[in-house]
Amino acid sequence: MEVRTNNAPVRARPKVAVFKFASCDGCQLSLLDCEDELLAVAEAIQIAYFPEATRAVIDGPYDISLIEGSITTLHDAERIHEIRKQTKTLITIGACATAGGIQALRNYSNVNEFVNVVYAHPEYISTLRTSTPISDHVKVDFELNGCPINKAQLIELISATLNNRRPLIKAHSVCIECKSRGTTCVMVSKGEACLGPVTHAGCNALCPSYHRGCFGCYGPNETPNTASIAERFSILGLTSAEITRLFRLFTTESEAFRDESRKHANGS
Amino acid sequence: MELRPRSFAGQLKADQLNSLIDALLDQGYRVIAPVKRDAAITLAEIRTSESLPQGWGDEQQPGSFRLTDRGDTEYFGFAVGAGSFKQYLFPSRRKLLDIDRHDMSMTKVEDTEKPLAFLGARACDLDAIAIQDRVFMGSDFVDPFYAKRRNECIIIAVNCHRPSSTCFCTDAGKGPECRSGFDVALTEVGVDDDHRFLVETGSEKGTALVNNLDLEATTEADDAARQEIIDRAVAAMQPALPDTDIPALLKAATESPRWESIAERCLNCANCTLSCPTCFCSGIEDVTDLDGTHAERWQTWSSCFTMDHSYIHGGSIRRIGASRYRQWLTHKMSFWVDQFGMSGCTGCGRCVTWCPVGIDIREELRGFAGDALEATTNEEATA
Ligand code: SF4
Ligand code: SF4
Ligand code: SF4
C-alpha cells in the first residue's frame, strides 16, 4: 500500500509479470516503448517478472500476467498451466498469444519436414506439430490483439485494469477507424483486397492510411463475415490461392480466418 | 421541365473563383471543399481554387469508386465523393470534458475552430444538413457544439450536373437542383467557351459575401443555361426506388426472410452508416490515466452495425446480422419519419458506393416491394 498525493485513489500496486512463449518479443517491447508513460507505468505497477527489462524476480502469485507468444512445445504447454495457477488476471498480448502467430502456418503442413530442411541437427529440436493460442490451453481473462500490439491500447488496458473499469478497446471493424480518420477506402476506390471489414480494430487503420489493404494483424473482429468478403475478393480477381494466403497470415489460427482459408485451399 | 425565372446576383468568371475563396478566407472562414486525394474525390481544407479537382470526374457503382480524368477545366464535374460535410459539423471524435481529481474539477471543452465555409455542397448535401439540423437542433435538446458550428458556417452550393449511377436524389431527396439551405448557390456553365459561375444568393450572409465580389451581370440566356444543367442531371438519373409507401412497406416487412439474405452479404463493417451524411449515432467514452487522477469524456461516432451499439446490461440486443441491417434500413427509411417527420435518406448514394460488397439499398427496397406485391397477388389468387 502506498499513499498518493494529488487526491489519487489509494490502492495497492499490483504485481505484474510478463511471460514469453513462441514469439518475436515485439509485443513485450511495446511496454518498454511507452517512453512517455513508462515512469507512470512503473509507479502504478510492481514489475515482478519481466526478463526483457529487469533481472530482478519476485515470486508469484501475480495480480496480472501478460503473456506473449504461442504454444509450440510440450514444455510451454505445461508452463502456461503453472502461470495460470499463479495468476489472478491473465492477459494475452499480440497475434501469437491470441491467434497462434505467423508460426501457426506450420499447422497446415508437416512440421518435421521443415525441421529437417532448416536445422543441421534436427534431432536437437523438440517441437509440437502445431502453434496454438494461449486460450486453447488455459482460461484467458482478456486478449489484446495486434501484430504487434498498439502501445496506446496496452496502456489503456493497464489503466482500465488499475481503475477497475472496462477497457476501451473496440472489437468492431477496421473500417470504422478508416472512416473516423477520413481515410479513403482502398477496396472501393482501387479495387484492392482489404481484410479491414472482418478485422478487429486497434491499429487505427494503419495500412489503409498508407493506401494498401489491411492484412488482418488484429485478427477477426466481433462479427466477421469472412465468406462474404472472400466472395468479394474473388470478384475483384483474386484466385483461391491468393484468398487462402490472405487469411493465412499473423492470425491464421483464429477460428474465423482458419476456417475461411480452408474453404479456398485446394483439397484441405 | 418548366423554366423558372431566376434572379441571379450576377456571374463570376471561372478565373475569378479565387476571389470568392479569398473573400471567405478574409472573413476568417476555414474553407472546406472537394479535392482529389488518394484515389478519390474527398473533402479537405483549401486556400485556393487550384486545390479543387479540376478536370476530374467519378464513376461510381455499388462498391466501387473510380476517378476519371476528363482533362477539361471544369471545377465541379463529379457527383459526391468520399466523406461528407457531416465530418465537420459532427466530427468523428471530440473531447467533451476534462475531469481532474486534483482539484475535483470538470471542465467543458469548448470548440475553438474557426467558422466553416462549405464550398461545393450539392443539393443532397443541403438536404442532409437540413436533416441533421432537425436531429441536433430541432427539438428542446439542442447539441450546442453542432449548433455553434452550424450557425457560424456559410454554405456555397454548386448545382450538380453529372450524377453518378449511384445517385437517386430525384427519388429520395429534393435534388438535384439547389433550392434552399444555401447562402450562395453557383451553377458552373460554359466550360468550353465562356467558363463562369452563375451566382444566386439564399441568405443575407450570402448576399453580403457576394456583394464584395466583382460580379458581372447575367443575360437572359443564362436562365436557360442554368436550367440545362439541372435538366441534364435529372435526365441522368434512373427511377430507383419502388413506387410505394416505403415507410409502410418496411414496417410490414419486419419479419421478412430477406433480412437474412442481406445479412449473408453484409460485413457489419459500418461503412454505410459512417459514409451516410445523415447518420447521427454517437457513443460516449470515458478514459482515465494510469494513476486515476485525470479522466476525459469523449464523444465518438457509433454505428448500428456494431455489437456495442445495442449493448445494454449483460449483452447486445441485436446479435445477428439480419437485425443489425434491419435496424439501419428501417430507421433510415421508415422510423426516421415517425421520429423526425422526414425521411433520413437524401439519395446521395454514398452507402451504395462505399459498401465494400456493394449492397445497394435501392435494390433491397425493390426486393421488399416485389415481395409485398407477390404476397398481395397470392392473397388475391386464393381469395
Ligand atoms: S480500406 Fe479496408 S478497412 Fe478501410 S474502409 Fe476500406 S475495406 Fe474497410
Ligand atoms: S442512406 Fe445512403 S443514399 Fe441515403 S442519405 Fe444515407 S448514404 Fe445517402
Ligand atoms: S451494408 Fe455494406 S457498408 Fe453497410 S455494414 Fe453491411 S457490408 Fe458494411
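Residue numbers (this note's numbering), protein chains in the order written: chain H, 1 to 268; chain R, 1 to 383. Even for Gly, the Cβ is constructed at its ideal location relative to N, Cα and C. The structure presented is a predicted model; accordingly, all values stated were derived computationally and were not measured.
Item to check | Per-residue contacts from E264(R) into chain H (C-beta, under 9 Å) | outcome: If you number the second sequence from 1, residue 264(R) lands on position 264. Per Cβ cutoff of 9 Å: N225, A227, S228.
Checklist entry - Any heavy atom of ligand 1 closer than 7 Å to the CB of A117(R)? => result Counting from 1 along the second sequence, the entry for residue 117(R) is found at position 117. False, no ligand heavy atom lies under 7 Å from that Cβ.
Item to check | Contact test: F305(R) Cβ vs ligand 4 heavy atom, cutoff 7 Å | outcome: Ligands in the displayed structure: ligand 1, ligand 2 and ligand 3; ligand 4 is not one of them.
Checklist entry - Taking buried to mean at least 16 other C-beta atoms within 10 Å of its own C-beta, is L198(R) buried or exposed? => result Mapped onto the second sequence, residue 198(R) falls at position 198. Its Cβ being crowded by 16 or more others within 10 Å, L198(R) is buried.
Item to check | Where Q87(R) meets chain H, residues with beta-carbon distance less than 7 Å | outcome: Here residue 87(R) is taken as the residue at index 87 of the second sequence, counted from 1. Result: G182.
Checklist entry - Should T183(H) be listed as close to ligand 1, given that the test is whether its C-beta is under 7 Å from any heavy atom? => result Numbered from 1 along the first sequence, position 183 holds the residue referred to as residue 183(H). T183(H): yes, Cβ under 7 Å from ligand 1.
Item to check | Proximity test, K332(R) beta-carbon vs ligand 2 heavy atom, cut-off 7 Å | outcome: Position 332 of the second sequence, counted from the start, is the residue given in the question as residue 332(R). Result yes, Cβ under 7 Å from ligand 2.
Checklist entry - Does the beta carbon of G10(R) come closer than 8 Å to any beta carbon on chain H? => result Taking the first residue of the second sequence as 1, we reach residue 10(R) at position 10. It does not: the Cβ of G10(R) has no partner Cβ on chain H nearer than 8 Å.
Checklist entry - Is it the case that the CB of I129(R) approaches a heavy atom of ligand 2 more closely than 7 Å? => result The residue labelled residue 129(R) in the question sits at position 129 within the second sequence. Answer for I129(R): no, Cβ out of range of ligand 2.
Checklist entry - Regarding N268(R) and ligand 3, is the C-beta to nearest heavy atom distance less than 7 Å? => result The residue given as residue 268(R) occupies position 268 in the second sequence. Flag set: Cβ of N268(R) near ligand 3.
Next on the checklist: If you reduce the DSSP assignment to three classes, tell me which class P220(H) lands in.
Outcome noted: Within the first sequence, numbered from 1, the residue matching residue 220(H) stands at position 220. Reduced to three states, the DSSP call for P220(H) is strand.
Next on the checklist: Taking only three categories from DSSP, how would you classify G314(R)?
Outcome noted: The residue labelled residue 314(R) in the question sits at position 314 within the second sequence. Coil at G314(R), not helix or strand.
Next on the checklist: With a threshold of 7 Å (Cβ to nearest heavy atom), would P224(H) be considered close to ligand 1?
Outcome noted: Position 224 of the first sequence holds residue 224(H). Not so, every heavy atom of ligand 1 lies at least 7 Å from the Cβ.
Checklist entry - In chain R, which residues lie with their C-beta within 7 Å of the C-beta of H211(H)? => result In the first sequence, counting from the first residue as 1, residue 211(H) sits at position 211. Those within 7 Å of H211(H) in chain R are D38.
Checklist entry - Hey, C169(R) and C124(R) are a contact pair by Cβ (cut 8 Å); roughly how many whole angstroms apart? => result Working through the second sequence from its first residue, we reach residue 169(R) at position 169. Working through the second sequence from its first residue, we reach residue 124(R) at position 124. The Cβ separation is near 5 Å, so the contact holds.
Next on the checklist: To be precise: take each residue of the segment 95-113 of chain H, compare its Cβ to all Cβ atoms of chain R, and keep it if any distance is under 8 Å. Which residues remain?
Outcome noted: none
Item to check | Backbone secondary structure at T112(R) - three-state DSSP | outcome: Locating residue 112(R) in the second sequence gives position 112, counting from the first residue. Of the three classes helix, strand and coil, the one that applies to T112(R) here is coil, per DSSP.
Item to check | Spatial distance of I21(R) from Y75(R) (CA atoms) | outcome: Along the second sequence, one-based indexing puts residue 21(R) at 21. Along the second sequence, one-based indexing puts residue 75(R) at 75. Going by the C-alpha atoms only, they are around 13 Å apart.
Item to check | T54(H) beta carbon near ligand 2 (any heavy atom closer than 7 Å) | outcome: Here residue 54(H) refers to the residue found at position 54 of the first sequence. The answer is no for T54(H).
Checklist entry - If you measure from the beta carbon of S159(H) to each beta carbon in chain R, is any gap under 8 Å? => result Within the first sequence, numbered from 1, the residue matching residue 159(H) stands at position 159. Yes, S159(H) lies at the interface with chain R (some Cβ there is under 8 Å from its Cβ).
Next on the checklist: Counting only C-beta atoms, is R93(R) closer than 8 Å to chain H at any point?
Outcome noted: Position 93 of the second sequence holds residue 93(R). Yes, R93(R) counts as interfacial toward chain H.
Checklist entry - Interface residues of chain R around E43(H) at Cβ under 9 Å? => result Mapped onto the first sequence, residue 43(H) falls at position 43. Per Cβ cutoff of 9 Å: L290, D291.
Next on the checklist: To the nearest angstrom, how far is the alpha carbon of L12(R) from that of A121(R)?
Outcome noted: Taking the second sequence and counting its residues from 1, one reaches residue 12(R) at position 12. Taking the second sequence and counting its residues from 1, one reaches residue 121(R) at position 121. Distance between the alpha carbons of L12(R) and A121(R): 18 Å.
Item to check | Nearest neighbour of E255(H), chosen from S135(H), N110(H), A48(H) [CA to CA] | outcome: For the purposes of this step, residue 255(H) is identified with residue 255 of the first sequence, where counting begins at 1. Comparing Cα-Cα distances from E255(H) to each of S135(H), N110(H), A48(H), the minimum goes to S135(H).
Next on the checklist: I'd like to know if L329(R) contacts chain H, where contact means its C-beta is closer than 8 Å to some C-beta of that chain.
Outcome noted: Numbered from 1 along the second sequence, position 329 holds the residue referred to as residue 329(R). So, not an interface residue.
Checklist entry - Should V174(H) be listed as close to ligand 3, given that the test is whether its C-beta is under 7 Å from any heavy atom? => result Along the first sequence, one-based indexing puts residue 174(H) at 174. Not so, every heavy atom of ligand 3 lies at least 7 Å from the Cβ.
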